[in-house]
Every structure is written in C-alpha cells, then in structure tokens.
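Before any comments, here is the structure.
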Amino acid sequence: MAEKVIKLVHEKPDLTFCIPAGSSPIGMYEELVKENNAGTVDFSKVTTFNMDEYVGLTADHPQS
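Here the sequence shown stands for residues 265 to 328, where the numbers follow the numbering used here.
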C-alpha cells in the first residue's frame, strides 16, 4: 500500500486523501516515514484526514 501512496504523491504532490487510523496501517506508515526520510517522497504539500475517529476512548484503549 505504501508504494501506491508514494506513486500517487509523485503524480499529484498536493494530494488530499483519507488515511486509516488505529494500529492496522502502522506498517504502511513506517514505510512512508522511511521513504520520506530517504528523500524518495515529499509529503510537504499533502493534506490528510483520518478515516476513523473515536470520541471518548482513552489512550490505552485497544482501538485508540
């Protein structure tokens, strides 16, 4: 999935997209950070918003 996100950012640097929250996409986020730090992709013009928002969950809740 990270490769698809990077491809989209290269095609449209001011991309706006919805990203999933929670622990499921952590591997993708780690890969995106790695590629950003390596200079492979630039997220400075990208706008994101979270797909999943949970009101009232504590920080230690499994879905937080």
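We treat Cβ as the ideally placed atom computed from N, Cα and C, and that holds for glycine.
Between residue i and residue j, what straight-line distance do the alpha-carbon atoms span, to the nearest angstrom?
i: I283; j: T312; result: 7 Å
i: T304; j: N314; result: 23 Å
i: H274; j: M265; result: 14 Å
i: T280; j: L321; result: 27 Å
Kindly indicate the opening and closing residues of the alpha helix (DSSP H) around residue i.
i: M292; result: I290 to N301
i: L272; result: A266 to E275
Quick test of your reading: residue i and residue j, contact by CB under 8 Å. State the CB separation rounded to the nearest angstrom.
i: K309; j: P277; result: 5 Å
In this structure, how does DSSP classify residue i when only helix, strand and coil are distinguished?
i: T311; result: strand
i: T322; result: coil
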